[in-house]
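Enquirer:
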Amino acid sequence: MAHDLHDSAHSHAGHNHGPTVLTSVNRALIIGAVLNSVYVVVEFAMGFYYNSLALIADAGHNLSDVASLLLSLLAFRLARVRQTPSFTYGYRKSTVLASLTNAVILLVTIGAILWESIQRFKHPEPVAGGPVAWVAGFGILINASSALLFFRDKDHDLNVKGAYLHLAADALVSLGVVIAGVIISYTGWVWLDPAIGLAVAAVILGSTWGLLNDSLRLSLDGVPADIDLPAVLADLRTVAGVRDVHHVHVWAMSTTENALTAHLVLQPGLSDSAETALKADVRHRLLHRNIGHATLETEVTTEADCGAEDC
């Protein structure tokens with residue numbers, strides 16, 4: 011006896027927060043992109059005018075943030091496109107690709123900053139510390155306010171988490187540039203400027219590594235980092251009437267939606283009503299573990315003779 015069952019988080023009203031999250035995230039992405047775009051133009055201009063690598067490096071970091079915000083906005087819009095005969099999941103996976111692209115952009119930014127910092131150590135140039143501190147101080151306000159836009163939804167989506175972490179890190183980097191600018195204005199230690207450039211690169215690398223790792227995992231259909239697969243299997247095996255669970259696959263449909271396929275081996279003799287209640291229990295447990303789309307096959311035999319590798 012075998013039955014197929016496909017369940018979606020959208021059928022469980024108590025767990026469906028998707029539209030609300032998407033609306034607030036779209037608004038935050040637009041506001042954040044506008045604020046940071048204006049600041050990037052000002053910071054680049056002031057960096058070149060006052061010959062400050064620290065400002066130029068920070069502006070480059072902020073420019074990559076603008077690109078990531080715009081990519082995330084595009085991905086969220088694409089994720090809402092309905093499925094087609096060619097794309098049966100729609101374009102949900104575009105959010106994962108956007109996250110991966112953001113990480114790559116940040117890595118390129120790190121390389122550019124490292125190269126210029128090394129050149130500045132070899133050939134020091136005068137820097138106006140006072141104006142650098144003022145411009146960077148304005149950046150603290152921009153980055154901190156932009157990060158707050160994503161604070162509420164940072165645990166619901168990988169792109170949102172990435173935006174929050176990057177903008178929060180930018181605020182700290184800007185604080186470092188302020189401190190360096192003040193010190194340079196009083197001491198004339200121009201080597202602090204490329205040193206801060208290196209510090210910026212280190213901060214970017216630290217905040218990017220996790221994003222890159224998670225993005226690669228999701229793009230390869232690996233188990234999402236927030237899913238404890240052994241715990242999921244152990245939980246399902248405690249459902250009354252379930253003897254075993256096998257042929258299990260978990261992957262991310264997008265940065266906010268996870269999917270699962272599995273075979274449930276049931277105890278013999280279950281009535282139709284008991285099997286319906288069992289499936290409802292399984293579906294509810296999966297929803298609470300952030301797996302909103304499940305395709306389940308139920309069977310009575312254990313398929314002891316199965317020779318498949320994943321059996």
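The sequence shown maps to residues 11 to 321 in this note's numbering.
Beta carbons are placed, not taken as given, at the ideal position from N, Cα and C, and that holds for glycine.
Because the structure is a prediction, the values reported are computed rather than measured.
(1) Suppose the cutoff is 6 angstroms on Cβ atoms and the five residues either side in sequence are ignored; what does the same chain contact list for G57 look like?
(2) Using DSSP bridges, identify the partner residues of V252.
(3) Going by the CB atoms, is the gap between L208 and I123 shorter than 9 angstroms?
(4) Please list, in chain order, all residues of the same chain as N160 whose beta carbon is under 6 angstroms from its beta carbon, the five residues on each side excluded.
(5) Since L202 and A190 should fall inside the 8 angstroms C-beta cutoff, what is the C-beta to C-beta distance between them, to a whole number of angstroms?
(6) Going by DSSP, name the residue or residues bridged to T271.
(7) With a threshold of 16 other CB atoms inside 10 Å of the CB of G42, please say whether the residue is buried or exposed.
(8) For D167, count neighbouring C-beta atoms within 10 Å of its own C-beta (all shown protein chains included) and say buried if the count is 16 or more, exposed if not.
(9) Shortest alpha-carbon distance to Y59 belongs to which of I214, P136, T94 and V242?
(10) Kindly list the residues whose CB is nearer than 7 angstroms to the CB of M11, restricted to its own chain and excluding five residues on each side of it in sequence; keep chain order.
(11) If V260 sits next to V233, beta carbons under 8 angstroms apart, how far is it from one beta carbon to the other, in whole angstroms?
(12) Taking the beta carbon of G139 as the centre, do at least 16 other beta carbons fall within 10 Å, making it buried, or is it exposed?
(13) Would a C-beta distance cut-off of 9 angstroms place A179 and S217 closer than the cut-off?
(14) Report the three-state DSSP secondary structure of V142 (helix, strand or coil).
(15) Can you tell me where the alpha helix (DSSP H) with P240 in it begins and where it stops?
(16) Taking its Cβ as the centre, do 16 or more other Cβ atoms sit within 10 Å of G302, making it buried, or is it exposed?
(17) For S109 and L221, what's the separation of their Cα atoms in angstroms?
(18) Please report the distance separating the alpha-carbon of N46 from that of A157.
(19) Suppose you measure from the CA of V258 to the CA of F97; what does that come to, to the nearest Å?
Expert: Inspection of the coordinates gives the following:
(1) L65, I66 and A69
(2) L276
(3) yes
(4) The residue asked about is misnamed: residue 160 is Phe in this sequence, not Asn. Here the set comprises A38, V170, A173 and Y174.
(5) 5 angstroms
(6) H259 and T305
(7) buried
(8) buried
(9) P136
(10) Confidence at M11 is low in this model, with a pLDDT of 45, below 50, so the placement of that residue should be treated as unreliable; the coordinate-derived value is given next. Only E309 and V310 meet the Cβ criterion.
(11) 5 angstroms
(12) buried
(13) yes
(14) helix
(15) L239 to R247
(16) buried
(17) 7 angstroms
(18) 11 angstroms
(19) 23 angstroms
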